[in-house]
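Structure record follows, encoded as structure tokens.
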Amino acid sequence: MEEFYKNFMNQVPMKYYDSRDHTKVKAKDMIANKDNQFRGFLKADGEWSRAIIMQDEVILQSRSVSTITGTYGIKTEHVPHIVAELLSNYPEGTVLLGELGYEDITKTSKDVGSILRCLVPKALKRQEKTKLIFRVFDCLAYNMVDLRKLPFDERFNPVYITPSSIFLMREPAAKYIQVVEEIEGDFMEYAEDLWCRGGEGIMIVRRDMIYHGGSRKAWDTLKIKKKLGHIDVKVIGALAPTKLYSGTTPEELWKYWELITPQGEVVKAKNFREDKEDIINGEDMRNGVIGIYRG
Numbered sequence: 195m196e197e198f199y200k201n202f203m204n205q206v207p208m209k210y211y212d213s214r215d216h217t218k219v220k221a222k223d224m225i226a227n228k229d230n231q232f233r234g235f236l237k238a239d240g241e242w243s244r245a246i247i248m249q250d251e252v253i254l255q256s257r258s259v260s261t262i263t264g265t266y267g268i269k270t271e272h273v274p275h276i277v278a279e280l281l282s283n284y285p286e287g288t289v290l291l292g293e294l295g296y297e298d299i300t301k302t303s304k305d306v307g308s309i310l311r312c313l314v315p316k317a318l319k320r321q322e323k324t325k326l327i328f329r330v331f332d333c334l335a336y337n338m339v340d341l342r343k344l345p346f347d348e349r350f351n352p353v354y355i356t357p358s359s360i361f362l363m364r365e366p367a368a369k370y371i372q373v374v375e376e377i378e379g380d381f382m383e384y385a386e387d388l389w390c391r392g393g394e395g396i397m398i399v400r401r402d403m404i405y406h407g408g409s410r411k412a413w414d415t416l417k418i419k420k421k422l423g424h425i426d427v428k429v430i431g432a433l434a435p436t437k438l439y440s441g442t443t444p445e446e447l448w449k450y451w452e453l454i455t456p457q458g459e460v461v462k463a464k465n466f467r468e469d470k471e472d473i474i475n476g477e478d479m480r481n482g483v484i485g486i487y488r489g
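In our numbering, the protein residues as written are 195 to 489.
Structure (structure tokens):
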């Protein structure tokens with residue numbers, strides 16, 4: 195039994211393909227869900243985590259390896275509310291992959307990191323109002339059965355991933371464990387709506403994908419995040435100075451910034467060391483203030 199757990203604890207996490215070029219044929223096929231070969235899911239911005247559920251203990255590992263211990267970081271004590279629900283809802287010998295994050299999809303990994311990368315007392319204090327949740331997106335083992343060689347469609351199904359009380363038709367016992375939201379319709383329509391709501395993106399997975407620890411097999415998975423397009427903008431004005439210049443750059447080395455206004459005037463930003471009659475705003479720009487003057 196000990197070897198069973200060690201095998202998962204020491205496995206290098208699989209990486210997920212992040213092609214930025216969505217014009218490629220294979221990317222288009224995945225986005226269009228060609229022949230229903232793929233499944234699409236919400237991709238929340240959080241922290242990857244592997245939950246290893248034992249008889250009376252849960253280990254929640256991070257993706258990164260500690261430089262001190264040489265093992266994967268453990269975040270179990272940072273989220274005791276999640277640990278309690280994992281123990282009460284899943285059998286011994288279950289290994290789940292998920293994202294630690296907030297229910298609010300506009301929260302980012304930076305927000306989550308402020309909880310997971312501080313000392314435990316502070317992590318608990320910061321969760322007094324709003325606690326982190328665990329979004330399950332894969333199942334590698336269930337009830338001491340290794341599922342890694344099964345296709346994704348078989349191992350990621352309700353029998354393994356849904357908190358047990360839901361199957362018994364009772365009120366869900368898991369408040370802080372969610373199965374990641376699956377896309378039922380058009381993948382890109384969902385993504386566009388998600389971006390409008392401030393979400394990060396989507397993950398597309400092949401139904402027949404086998405879990406490959408430590409690798410990033412192209413086109414088994416595809417992450418799609420919102421792209422920031424290239425925008426050309428025109429500078430139409432300059433702001434007045436707001437603070438004293440306290441740098442050490444010699445005046446002769448100062449890189450002047452220039453702007454030609456629509457009227458053909460040249461406007462410069464400069465560290466003033468002398469009187470200038472044409473200083474904008476009529477303020478005294480001597481004594482090291484960054485000022486703006488007309489050339």
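Every residue gets a Cβ at the ideal spot worked out from N, C-alpha and C, and that includes glycine.
Start-to-end residues for the alpha helix (DSSP H) that takes in residue i
i      : result
LYS316 : 314-320
VAL353 : 352-355
ALA221 : 219-225
LEU310 : 303-310
Closest Cα partner of residue i within the set the options
i      : options                           : result
LYS369 : MET382, PRO352, ILE327 and LEU341 : ILE327
GLN205 : LYS222, ALA245 and HIS275         : ALA245
LYS343 : ILE247, HIS406 and ARG311         : HIS406
CYS333 : ASN351, TRP413 and VAL252         : ASN351
ASP402 : GLU196, LYS325, ASN337 and THR415 : THR415
ILE251 : LEU280, ARG391, LYS411 and GLN231 : According to the sequence shown, residue 251 is Glu rather than Ile. Ranking the options by Cα distance to GLU251, first place goes to LEU280.
ASP215 : PRO207, THR288 and ILE225         : ILE225
ASP347 : GLY295, ASN227, ASP223 and PHE232 : PHE232
LYS237 : ARG349, GLU271, GLY264 and ASP298 : ASP298
ARG320 : GLY307, VAL330 and ARG329         : GLY307
ARG391 : VAL273, THR300, GLU241 and LYS209 : THR300
LYS228 : ILE404, ARG400, VAL273 and VAL427 : ARG400
MET195 : GLY287, LYS316, ASP212 and PRO345 : GLY287
Exposure of residue i, with buried meaning 16 or more beta-carbon neighbours within 10 Å
i      : result
VAL219 : exposed
SER258 : exposed
ALA335 : buried
SER243 : buried
ILE430 : exposed
GLN249 : exposed
ALA412 : exposed
GLU383 : exposed
Per-residue DSSP class, three states only, for residue i
i      : result
LEU344 : coil
THR288 : strand
GLU297 : coil
TYR199 : helix
LEU334 : strand
Below-9 Å beta-carbon distance, residue i vs any chain D residue
i      : result
ALA317 : Given the protein chain composition of this structure (a single chain), no chain D is represented.
What ranges does the alpha helix (DSSP H) occupy inside the segment 372-426, keeping only unbroken runs of at least 4 residues that lie completely in it? Those alpha helix (DSSP H) runs which fall completely within the segment 372-426 and span 4+ residues are 381-390.
Which ranges would you report for the alpha helix (DSSP H) in the segment 206-286 if only whole runs of at least 4 residues count? The qualifying runs are 219-225 and 274-283.
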